[in-house]
Structures are given as structure tokens and as C-alpha cells.
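Q: Pasting a structure below so you can have a look.
2 protein chains.
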Amino acid sequence: MRANLPIDETGLWDDLMALAALTDADRPWTRRAFSPMFLEGRAFVAERMRDAGLAVRIDTAGNLIGRREGRTEDAKTIVIGSHSDTVPDGGRFDGTAGVMAGIAVARSLTRHGAKLDHAFEVIDCLAEEVSIFGLSCIGSRAIAGQLSEEQLTRSEPTGEILAAAIDRMGGDVDELDTAKRDDIAAYLEMHIEQGPVLQDERRDIGIVTAIAGITRIEIVIEGRADHAGTTPMTLRQDALVGAAAAVSVIAKDARRRAAAGHGHFVATVGEFRIEPNAANVVPSRVTLLLDARAEERGFLQGFVEELRPLLTRAMSGTATRISEFRILSDALPALSDPRLLDVLEDASGALGLTTHWMASGAGHDMAWFSRIAPSAMIFIPSKDGRSHTPDEWSEPGEIAAGAAVLYEAVLRLDKALA
Amino acid sequence: MRANLPIDETGLWDDLMALAALTDADRPWTRRAFSPMFLEGRAFVAERMRDAGLAVRIDTAGNLIGRREGRTEDAKTIVIGSHSDTVPDGGRFDGTAGVMAGIAVARSLTRHGAKLDHAFEVIDCLAEEVSIFGLSCIGSRAIAGQLSEEQLTRSEPTGEILAAAIDRMGGDVDELDTAKRDDIAAYLEMHIEQGPVLQDERRDIGIVTAIAGITRIEIVIEGRADHAGTTPMTLRQDALVGAAAAVSVIAKDARRRAAAGHGHFVATVGEFRIEPNAANVVPSRVTLLLDARAEERGFLQGFVEELRPLLTRAMSGTATRISEFRILSDALPALSDPRLLDVLEDASGALGLTTHWMASGAGHDMAWFSRIAPSAMIFIPSKDGRSHTPDEWSEPGEIAAGAAVLYEAVLRLDKALA
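Line by line, the protein sequences give chains B and G.
Residue 6 is where the first sequence starts when you use the numbering used here, and the numbers rise one by one after that.
Residue 6 is where the second sequence starts when you use the numbering used here, and the numbers rise one by one after that.
What follows is the structure in C-alpha cells.
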């Protein structure tokens with residue numbers, strides 16, 4: 006890694022830690038979208054934007070935007086985005102590292118007296134994490150014109166609807182259409198990897214080729230509730246035994262597919278509920294939620310198509326059956342723009358940083374921006390791949406390196422793009 | 006099945022249905038121990054006892070006892086017992102069939118002018134089902150002198166302690182020692198099978214050789230929480246995948262042991278909880294509760310001793326480990342008295358009823374009486390083996406047949422016993 010980066014590493018780190026310190030006191034690190042603490046965080050981000058020479062506004066969708074005009078009238082905008090909200094009991098880097106890196110880029114542009122033809126913006130997208138409204142990427146959906154009327158009327162547990170909450174964040178839902186953008190020349194996002202690959206491969210920068218598509222499937226396995234003391238083993242229809250066979254074969258099949266050379270592929274049973282869940286009753290029913298992600302759409306479709314017969318075979322002999330097999334959601338992969346990827350690779354190389362081309366298994370605001378503009382992402386290493394936990398960690402130098410790649414890429418894109 | 010039984014089949018059935026009708030209105034059939042509805046049920050049982058010629062009292066442990074004196078002074082007592090409390094959302098037969106059968110026997114004794122040398126009692130044991138105090142068989146434990154000081158101070162969710170609740174049921178915990186019995190010549194209990202064996206074997210009466218010992222083991226399987234989208238399949242430590250391997254091998258091993266010719270053996274994972282149980286997080290931890298029951302103590306011990314290495318082998322390759330393996334409870338099998346079993350077999354045969362000798366996988370009050378007196382049980386068929394559900398069902402004729410076996414057995418025991 007190069008020592009002399011065009012980024013104020015210490016300033017960036019200090020800003021990031023100061024933002025992280027704005028946490029719900031009883032459970033660090035928590036700054037949930039729409040909460041009072043979130044607004045405190047936003048006020049800090051806005052102040053740092055202003056300090057970096059950016060003009061600050063909140064768009065009608067509640068996104069916080071810091072802008073620097075370009076020299077060319079009517080030139081489009083180069084955007085660096087990410088988010089400042091966190092999951093509950095999350096870390097100090099997810100999202101915030103990207104926002105603060107954007108601000109550090111703005112500061113370097115000012116310090117180095119850079120004159121850009123394009124306008125430049127840093128966007129702190131509203132509510133990227135799954136929010137109390139059961140929805141993620143609220144701000145970036147709106148920028149892509151994809152926040153629906155139905156979604157705007159969803160309510161959280163105390164009854165507030167999303168539209169009202171966006172207004173409370175400084176938005177103006179009556180004028181939501183004006184948040185939709187058609188002036189973005191390029192969208193860049195830096196994010197922590199949230200996985201162990203860069204650490205394991207000892208690379209500085211992940212060049213993110215795509216955000217994996219995500220298919221979620223609810224599977225219900227039915228057996229029969231019987232007395233656990235009195236029902237002979239041969240007469241049971243134990244739904245947990247059926248579900249165990251299903252979980253085992255899903256893991257085995259996913260390992261096989263992940264090794265098949267079709268890019269990123271993972272499948273996880275993360276939610277699993279048994280009924281009646283009593284010590285002396287043979288389980289009658291298991292509901293499990295399968296989350297499958299793939300870089301290649303066709304490869305994911307193949308997995309889903311072959312899954313049910315695979316499970317049925319694995320469960321044969323358990324006297325249980327699949328009573329429900331329902332695709333709950335099915336998001337397409339989002340591809341990075343190849344030209345932007347080349348610029349990010351070149352920028353990394355110029356800085357003496359090593360790269361690894363990879364897909365993102367997690368969703369990001371970039372997926373929504375990619376619908377309306379050339380977009381791309383980079384990853385920086387996550388210690389042991391830990392994320393969404395207080396253990397989340399990236400080194401100050403790793404974050405500064407990512408910000409430096411963004412800085413170099415912005416300079417190159419300003420010249421290369423119309 | 007013989008048509009002409011020495012029991013008033015219709016009267017017994019009507020009594021049983023009248024008792025069942027005393028249920029919490031919103032969730033039939035529910036008459037939880039210590040509830041107001043339980044006291045209503047008890048009042049009805051007491052009235053039916055009196056009607057059958059029994060003198061009614063409540064002992065200091067809160068057991069409801071109907072007694073008929075014998076001709077021989079100082080002769081011991083022949084007891085028929087079971088319980089009138091139910092599980093939540095239970096059936097109309099579990100426990101109550103045995104109590105009402107005992108009362109029907111008393112009525113037949115009176116009607117036939119039988120003169121017994123022994124005293125005869127019907128005992129409605131307090132709180133056989135696991136109660137709000139987290140304890141089962143409260144009344145029969147006390148009769149066996151096994152209700153501990155610690156247990157008496159346990160409290161239920163609203164704060165009442167067990168000792169106060171027993172007093173509220175008509176008991177007198179200050180004099181609890183007097184509930185302990187040393188005058189029982191024989192204890193008999195009729196219960197629904199709660200399993201499908203008698204139905205499948207087309208037999209009228211189960212001659213219960215033993216109540217299986219029950220060992221409950223809590224097993225915790227640890228993996229590591231990782232992002233389900235970003236963590237490659239090869240780098241995961243998925244606790245659910247480890248637990249699935251464990252559940253499968255437990256079921257397989259239990260089927261093998263159940264077929265090995267060592268009497269009743271079952272093993273069930275009935276409680277199963279995963280953490281964090283979120284769609285996008287690789288499961289970090291699974292806690293499962295294993296309930297294993299066997300007629301032969303040594304056979305159960307062998308299962309428990311070989312279990313941990315068996316699980317470790319099955320989980321190898323899943324990168325998960327067993328972090329806890331804790332025996333939560335370990336109840337010895339309770340053996341029926343062989344002489345009583347022969348009497349029950351003879352009584353069945355004399356009535357033209359077919360029998361099947363079997364162990365009970367479920368616990369019963371008999372297990373506690375067997376510590377202080379010769380004891381034995383019979384089962385009557387349960388439709389499809391269903392129990393602890395509103396579907397619970399036994400035919401009027403099946404219940405009357407069981408009561409008739411008790412009646413014949415009481416007459417024979419009165420002659421045979423000292």
C-alpha cells in the first residue's frame with residue numbers, strides 16, 4: 006500500500022469516529038434511520054460537508070446532498086454516495102465510511118484547488134438498511150424513481166407512515182418526483198466488504214463487478230404433532246427431521262454451485278422456526294427462509310428450479326412433505342458499468358494499490374443508482390469479514406486508500422466523461 | 006370385545022363428558038390445575054364420588070380422595086388414581102378417564118353389593134400435568150413423600166408460591182407429611198395410551214410394564230454469525246448446518262436403537278432455537294432440547310454415553326462445535342409390580358379382552374406411587390395416538406372396558422393381597 010495518499014487519513018478517521026460516537030448510548034453502535042440520533046448524525050455530516058466546501062441541501066426524498074458546482078454549465082454530476090444509518094447494534098463503518106470518504110474527496114479537491122468540469126456531489130442516502138418500515142434503500146429508490154405509493158403508505162409499529170417520516174427527515178413527499186435524477190454522469194460508492202475475501206487475498210481494493218441478485222424463498226415442511234414419549238420412531242412424521250435433511254442438502258448443493266465457476270453464489274437458511282416447539286411433542290411444522298444470491302441471473306434461476314425436487318429427494322424416508330414453497334422476493338443482479346470499473350482499476354494502480362475483482366453479496370444503494378446512471382463500487386477490507394456487529398473494523402489506512410481511489414477516479418472521470 | 010361388562014358404560018361416558026364440559030370457554034378443552042375452572046371440575050368429581058358411595062376428603066397435599074372402608078380393620082387400601090387437570094388446549098380423556106373409571110368401579114362395587122376386606126380409594130391426584138409452577142405430578146409426589154421444600158417455594162408468573170396454591174386447593178402444607186402414605190396395598194391406574202400402538206395392534210388393553218425413564222439433554226451448537234450475502238460458502242461456520250447434521254443422526258440412531266429389542270425407546274428433538282434467526286445472517290448458534298425415553302435404564306445410559314461422539318462425528322466438516330451438552334433432568338424408569346400385571350392380564354382375559362404388554366413413554370402419577378406401593382397401569386386405545394389436543398379420542402366402549410378390567414382386578418386383589 007502506498008504511504009502518500011491524496012487524502013487526509015487522520016481527518017477522515019476522526020470524522021468517522023466522531024460520527025460513530027453519535028450512537029444510542031445503551032447499544033453501540035446504533036443510529037437507526039428516522040430516529041433522533043439519526044438526525045444528530047445527519048447534522049454532523051452536513052457540517053462536515055459544509056466544512057469541505059459543499060453546499061448542503063436535503064432533497065424531497067430526504068437524502069442529504071453536498072454539492073460543488075462544475076465549470077461547465079449543464080455538465081452532469083459525478084456522485085459519491087452511501088448512507089449514514091446503521092442496523093441495530095451495528096458497526097462504525099458500514100455506510101458511514103463511504104459517506105465520509107466522499108467528504109474527504111471533496112476536501113482534497115478543495116485543498117488541491119482542483120477545477121472540475123462536472124458538478125460533484127456527496128449523497129448520504131436515506132435509510133439504506135432495512136428500516137422500521139420493513140424497507141431498505143429508501144433514498145436511493147426515490148432517486149431512481151422507484152419508491153412506490155404503496156411503500157410510502159407503509160407504517161411502522163407506532164403508526165407513522167413512511168411518507169410522514171420522510172417529511173420529518175426534511176423531505177417533501179408531495180414533490181417526490183423532483184428527487185428523481187437524470188443528471189448523474191457517474192455514481193461511485195465505497196463500502197466495507199462485509200466479507201473476508203480481501204483480507205484473505207491480501208488485496209487493498211475490491212473492484213465490485215456486480216451486486217448479486219437475491220431470491221428469498223419460504224419453505225414450509227409439514228409433519229404431524231405426536232406425543233414424543235409414546236409415538237414409536239417408525240410411526241413418526243417429524244417435521245424437524247425432514248427440515249434437517251433439507252438444510253443439509255441446501256448447504257451441500259450451495260457449496261457445489263459456489264465452486265462451479267459462475268461467480269459469486271451463496272445460499273443460506275437464516276430463519277428457521279419449529280412448531281409447536283415443546284420438549285414432549287414431535288415437531289409438526291418447520292418454516293424456513295432461504296436466501297440465495299448469485300452474480301449470474303441464469304445460475305440463480307437454475308438453483309431455484311432444481312431446488313424443490315432436490316429437497317423432496319433428500320426428505321424421502323422422513324414421512325414429511327413440503328406444503329409451501331413460495332418465492333417472497335426476487336431481486337435481479339445489478340451490474341457495475343464496465344468503463345467505470347476500468348477507471349477504478351486504473352486509479353488503484355496509479356496509487357500503487359492492489360485490487361481484486363469480485364461481486365457484492367450484500368445489497369447497496371449502488372443497485373438503485375445503476376438503474377439511472379453508470380455506476381460502480383469499490384470495497385475496502387473488513388477485518389475477519391465481520392459486519393453488522395460492534396466488531397466491525399477497517400484500518401484508517403484502508404479507508405483512506407479507498408477514498409484515494411475515489412479521488413483519483415473522480416479526476417479521471419471528469420476528463421473522460423461528457 | 007365383550008359386550009356385557011360389569012361397568013355402567015353410559016353413566017361413565019356421561020360423567021366424563023360432563024367433566025370435560027367444565028372447560029375454559031375460549032379454548033376447549035382446558036382445565037388447568039389451580040385455576041377456578043379446576044375447582045369447578047373438582048366439585049363435580051367430588052359429587053360423583055359421593056354419589057358412588059365414597060366418603061370424600063382432600064388430603065394435606067391437595068389430592069381429592071373418595072374412600073370406601075373395608076371389612077378388615079387395619080387392612081391396607083387398594084387405590085385407583087389418576088388426575089382431573091388438563092394441559093392447555095388439551096383433550097377430554099387424558100387423566101379424567103382414569104378418575105372417572107375409578108368412580109365407575111366404586112359404583113359397580115356398590116351396585117353389586119361387593120364386600121371388600123380392603124379399603125378402596127379413588128384419588129384425583131393434584132396437578133399431574135406440568136403446571137404453572139413448572140412441575141408435574143405435584144399430588145402424587147407428595148403422597149410418595151417426594152415434594153421438596155424447594156419445590157414448595159417455587160412461584161408462578163403472578164407471584165403465588167406452590168405451597169399457597171396447594172392450600173388454596175384445600176390442602177394444608179404445614180401438615181404435608183400426613184399426605185405421605187404407607188397404607189397402600191396396590192395402586193392401579195387406567196390411562197389413555199396417547200400413542201397409536203393399541204389401535205395399530207387392534208388390542209383392547211395395554212398392560213403397562215413400566216413407565217420409561219426420561220433423560221433431557223440441552224445441546225448448544227456454536228458456529229459464527231456472518232453476513233449471508235458476502236461470506237463464501239467455504240468460509241462459513243453455519244450452526245444450523247451443524248445442528249441439521251445432529252438432528253439427522255439422532256433420528257437415525259434412535260430408529261436403530263428402537264428396533265434393537267430392548268423395549269420402548271424413543272428420542273426426540275422437540276425444542277429447537279436458532280440465533281440470530283435473521284434472513285441475512287449465517288446462524289451462529291442453535292440450542293436444542295433432546296428428550297430420550299427408554300424402558301431399560303442401561304439402554305438409555307448407553308445412548309447418552311455414545312451420543313456426544315456420535316454428534317461430533319456427524320458434524321465434522323460443518324466447522325461447528327458442541328459448546329454445551331448438559332443433562333437437564335434424568336428420571337429413572339418406574340417398573341410396574343409383576344404380580345399386579347398378572348392380575349390385570351387375568352382380569353382382561355376373564356372379560357374376553359385382548360391385551361398388549363407395553364411400556365409407557367409418557368409419565369404418569371403411577372411412577373410416584375410405585376416408590377411406596379406395588380403399582381401397575383393399563384392403557385386403553387387412543388384414536389390415531391392423538392393426545393394433548395382437542396382431537397384426543399377414545400370410544401365409550403373402550404373406556405368402559407378399561408374400567409371393567411380395574412373392577413375385576415380390584416376384586417381379585419382384595420382376595421390375593423394381605
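Even for Gly, the Cβ is constructed at its ideal location relative to N, Cα and C.
(1) Pick out whichever of B/Val-252, B/Glu-45, B/Met-238 and B/Gly-275 has its Cα sitting closest to the Cα of G/Arg-262.
(2) May I ask you to report which of helix, strand or coil DSSP gives G/Ser-392?
(3) Counting only Cβ-Cβ distances shorter than 9 Å, please list the residues of the segment 24 to 52 of chain G near chain B, keeping chain order.
(4) In chain order, which continuous runs of the alpha helix (DSSP H) of length 4 or greater are located wholly inside the segment 185 to 259 of chain B?
(5) Considering only the beta carbon of each residue, do G/Gly-211 and G/His-369 sit closer than 8 Å?
(6) Which residue from B/Lys-257, B/Ala-421 and B/Arg-47 puts its Cα closest to that of B/Ala-132?
(7) Considering Cα atoms alone, identify which of B/Ile-279, B/Gly-303 and B/Val-225 is closest to B/Pro-288.
(8) What's the gap between the Cα of G/Met-54 and the Cα of G/Leu-422?
(9) Among residues of its own chain, excluding the 5 on either side of B/Ala-111, which ones have a beta-carbon nearer than 8 Å to its beta-carbon?
(10) Quick check on the burial criterion: 16 or more other C-beta atoms within 10 angstroms. Buried or exposed for B/Arg-313?
(11) Check for me: the alpha helix (DSSP H) holding B/Trp-18 runs from which residue to which?
(12) Could you tell me how far apart the beta carbons of G/Glu-194 and G/Gly-86 are, in whole angstroms, since I believe they sit closer than 8 Å?
(13) With a 10 Å radius around its C-beta and 16 neighbouring C-beta atoms as the bar for buried, classify G/Asn-9 as buried or exposed.
(14) Counting contacts by CB-CB distance shorter than 8 Å, is G/Gly-433 in contact with chain B?
(15) Assuming B/Gly-150 and B/Lys-185 form a contact by the criterion Cβ under 8 Å, report the distance between their Cβ atoms to the nearest whole angstrom.
(16) Between B/Gln-199 and chain G, is the shortest Cβ-Cβ distance under 8 Å, so that the two count as touching?
(17) Please determine, among B/Leu-345, B/Glu-311 and B/Val-291, the residue with the shortest C-alpha to C-alpha distance to B/Val-213.
(18) Of all the residues that make up the segment 263 to 285 of chain G, which are near chain B by a beta-carbon distance shorter than 9 Å?
(19) Please report the residue range of the beta strand (DSSP E) in which B/Val-178 lies.
(20) Can you check whether the C-beta of B/Arg-221 is within less than 8 Å of a C-beta belonging to chain G?
(21) To the nearest angstrom, how far is the alpha carbon of G/Met-390 from that of B/Asn-285?
(22) Take B/Asp-209 as the anchor and find which of B/Gly-139, B/Leu-21, B/Ala-409 and B/Ile-83 has the nearest alpha-carbon.
(23) Of the residues B/Val-271, B/Gly-322, B/Ala-244 and B/Ala-299, which one's Cα is nearest the Cα of B/Leu-293?
(24) For B/Met-6, which of helix, strand or coil comes out of DSSP?
(25) Should G/Ser-89 be listed as close to the ligand NAD, given that the test is whether its C-beta is under 7 Å from any heavy atom?
(26) Can you have a look at B/Thr-65 and say buried or exposed, based on whether 16 or more other CB atoms are within 10 angstroms of its CB?
(27) Leaving out five residues on either side along the sequence, give the residues of the same chain with a beta carbon under 7 Å from the beta carbon of B/Ala-248.
(28) Within the continuous alpha helix (DSSP H) that includes B/Glu-352, where are the two ends?
(29) Any chance you could list the alpha helix (DSSP H) runs of at least 4 consecutive residues sitting entirely within the segment 49 to 136 of chain B, in chain order?
(30) From G/Asp-188 to G/Asp-419, what does the alpha carbon distance come to, in whole angstroms?
(31) Under 8 Å by Cβ, that's how I've got G/Ile-219 and G/Asp-296 pegged, so tell me the actual separation to the nearest angstrom.
(32) Helix, strand or coil for B/Met-371? Go by DSSP, reduced to three states.
(33) Anything in the segment 343 to 375 of chain B with a Cβ closer than 9 Å to a Cβ of chain G? List those residues in chain order, please.
(34) Nearest to B/Thr-235 by alpha carbon, out of G/Leu-140, G/Tyr-192, G/Asp-94 and G/Ile-216?
(35) Of the choices B/Val-246, B/Ile-108, B/Asp-258 and B/Arg-260, whose alpha-carbon is the least far from that of G/Asp-258?
(36) What separation, rounded to the nearest whole angstrom, lies between the Cα atoms of G/Met-6 and G/Ile-385?
A: Looking at the atomic coordinates:
(1) B/Met-238
(2) coil
(3) none
(4) 202 to 206
(5) no
(6) B/Arg-47
(7) B/Ile-279
(8) 25 Å
(9) Met-54, Ala-57, Gly-58, Leu-59, Gly-71, Arg-73, Phe-125 and Val-127
(10) exposed
(11) 14 to 25
(12) 6 Å
(13) exposed
(14) An answer regarding residue 433 of chain G cannot be provided, because it is not within the stretch 6 to 423 covered by chain G.
(15) 4 Å
(16) yes
(17) B/Leu-345
(18) Ala-263, Ala-264, His-269, Phe-270, Val-271, Ala-272, Thr-273, Val-274, Gly-275, Glu-276, Phe-277, Arg-278, Ile-279, Pro-281, Asn-282, Ala-283, Ala-284 and Asn-285
(19) Note, B/Val-178: premise wrong, no beta strand (DSSP E); not H, not E.
(20) yes
(21) According to the sequence provided, residue 390 of chain G is Gly. The question's Met does not apply to it. Their backbone Cα atoms lie some 14 Å apart in a straight line.
(22) B/Ala-409
(23) B/Ala-244
(24) The predicted position of B/Met-6 is uncertain, since its pLDDT is 48 and thus under 50; no value can be drawn from it.
(25) You won't find the ligand NAD in this model; it holds no ligand whatsoever.
(26) buried
(27) Ile-226, Val-291 and Leu-293
(28) A small fix is needed here, since residue 352 of chain B is Ala in this sequence, not Glu. Taken as a continuous stretch (DSSP letters only), the alpha helix (DSSP H) holding B/Ala-352 covers 343 to 355.
(29) 101 to 116
(30) 14 Å
(31) 7 Å
(32) helix
(33) Ser-365, Gly-366, Ala-367 and Gly-368
(34) G/Ile-216
(35) B/Val-246
(36) Because G/Met-6 carries a pLDDT of 48, less than 50, the predicted location of this residue cannot be relied on, and the following value inherits that uncertainty. The alpha-carbon atoms of G/Met-6 and G/Ile-385 are separated by roughly 12 Å.
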